[in-house]
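Everything on this sheet refers to the single structure shown next.
Residue numbers (our numbering): 2 to 276.
Structure below.
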């Protein structure tokens with residue numbers, strides 16, 4: 002069995018896990034290794050272990066501001082992580098191996114490492130559903146702090162969040178409770194992979210986008226929208242049997258709505274074109 006096949010098998014196993022059982026950073030490493038299958042993962046596992054050990058050893062802090070400051074020192078001073086502002090759109094910024102090599106990446110890739118350290122310290126941390134720019138929330142009792150992992154762990158108040166939302170969603174956008182909603186481990190990993198998929202589509206590399214979607218359905222097999230997108234792209238590429246299987250799975254999960262009718266129409270067209 003090739004290393005790549007080993008990683009794909011691991012992704013399928015992760016797809017069967019409860020969300021809280023998913024090792025976020027380890028899964029991100031596997032996803033990155035699929036594009037670098039000859040790379041030895043030992044040094045990367047070692048780096049994750051070092052982050053976790055340092056966080057566990059020094060993280061016994063009982064107030065929120067001190068916890069955030071400790072994590073920021075660990076991530077951005079000790080290990081030198083930065084948001085990549087020069088080559089932001091480089092899809093390698095969503096490959097955790099590349100991010101660890103360069104100590105630079107996207108908000109979500111650096112955020113995954115930040116979460117890894119925070120959880121090792123025993124802190125309550127989650128990613129948020131904020132659009133366009135991945136943010137974190139760390140909680141201690143009734144106190145909460147929203148953190149920007151791309152900008153050195155900067156703490157964001159409501160005014161900052163409103164400005165950031167308008168930057169990404171337009172001048173008329175306003176904060177809602179949804180923008181503060183926590184996201185699951187799978188949601189974070191899907192967001193990571195969506196960065197690679199989106200850049201592939203921008204370059205009209207539909208085959209690469211479909212490849213990423215195939216990985217996404219392995220670790221998030223119950224997310225209907227991913228199956229739908231895989232089905233549509235597979236049909237566009239002429240992979241009609243894969244398109245049919247993906248759209249049938251989408252219809253199994255999707256609630257009745259216009260998208261379901263469109264998928265059924267496409268599925269029927271595909272079926273009539275197959276033996």
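Just so you know, even glycine gets a beta-carbon here, dropped at the ideal spot from N, CA and C.
Original post:
Is it buried or exposed for residue 108, if we count other Cβ within 10 angstroms and need 16 for buried?
Top reply: The Cβ neighbour count for residue 108, taken over all protein chains shown within 10 Å, is at least 16; the residue is labelled buried.
**OP:** With DSSP as the reference, label residue 183 as helix, strand or coil.
**Re:** strand
Subject >> Cβ distance (whole Å) where residue 159 is taken to contact residue 166 below 8 Å >> reply: That belief does not hold up - the Cβ atoms of residue 159 and residue 166 are roughly 10 Å apart, past 8 Å.
Subject >> Three CB pairs or more closer than 8 Å across the region 77-90 and the region 57-64 >> reply: No, because fewer than three Cβ pairs between the region 77-90 and the region 57-64 fall closer than 8 Å, the two stretches do not touch.
Subject >> Cβ shell of residue 90 (< 7 Å), same chain only, five flanking positions each side left out >> reply: 200
Subject >> Below-9 Å beta-carbon distance, residue 144 vs any chain D residue >> reply: Protein chain content of the structure displayed is limited to a single chain, and chain D is not contained in it.
Original post:
Just curious, the beta strand (DSSP E) that residue 212 is in, first and last residue?
Top reply: First-last for residue 212: 207-220, but that is the alpha helix (DSSP H), not the beta strand (DSSP E).
**OP:** Counting only the same chain and skipping the five closest in sequence on each side, list residues whose C-beta sits under 7 Å from that of residue 17.
**Re:** Same-chain partners within the cutoff: there are none.
Original post:
Run through DSSP, which three-state label would residue 223 get?
Top reply: Here DSSP, grouped into helix, strand and coil, assigns residue 223 to coil.
Subject >> Nearest residue (CA-CA) to residue 193, options 13, 112, 22 >> reply: 112
Subject >> Rounded C-alpha distance that separates residue 239 from residue 33 >> reply: 27 Å
Subject >> Extent of the continuous beta strand (DSSP E) run through residue 137 >> reply: 137-141
Original post:
How many angstroms separate the CA atom of residue 226 from the CA atom of residue 220?
Top reply: The alpha-carbon separation between residue 226 and residue 220 amounts to approximately 14 Å.
Original post:
DSSP state of residue 125, grouped into three classes?
Top reply: strand
**OP:** Would you kindly check if the distance between the Cβ of residue 101 and the Cβ of residue 119 is under 9 Å?
**Re:** no
Original post:
Using a Cβ-Cβ cut-off of 6 Å (strictly less than) and excluding sequence neighbours within five positions of residue 48, which residues of its own chain qualify?
Top reply: Cβ neighbours of residue 48 within its own chain (closer than 6 Å, five residues either side excluded): 101.
Original post:
Quick one: what's residue 157 bridged to in DSSP?
Top reply: 147
Subject >> Same chain, Cβ closer than 7 Å to residue 123, five either side skipped, listed in chain order >> reply: 60
Original post:
How close, in whole Å, do the beta carbons of residue 236 and residue 146 come, if the pair is a contact with beta carbons under 8 Å?
Top reply: With 8 Å as the limit, residue 236 and residue 146 do not qualify as a contact, their Cβ atoms being about 45 Å apart.
Original post:
Alpha carbon to alpha carbon, what distance is there between residue 25 and residue 185?
Top reply: 10 Å
Original post:
Can residue 30 and residue 137 be called in contact, C-beta distance under 9 Å?
Top reply: For residue 30 and residue 137, no; Cβs fall outside 9 Å.
Original post:
Which one of 214, 148, 191, 41 has the shortest CA to CA distance from residue 28?
Top reply: 191
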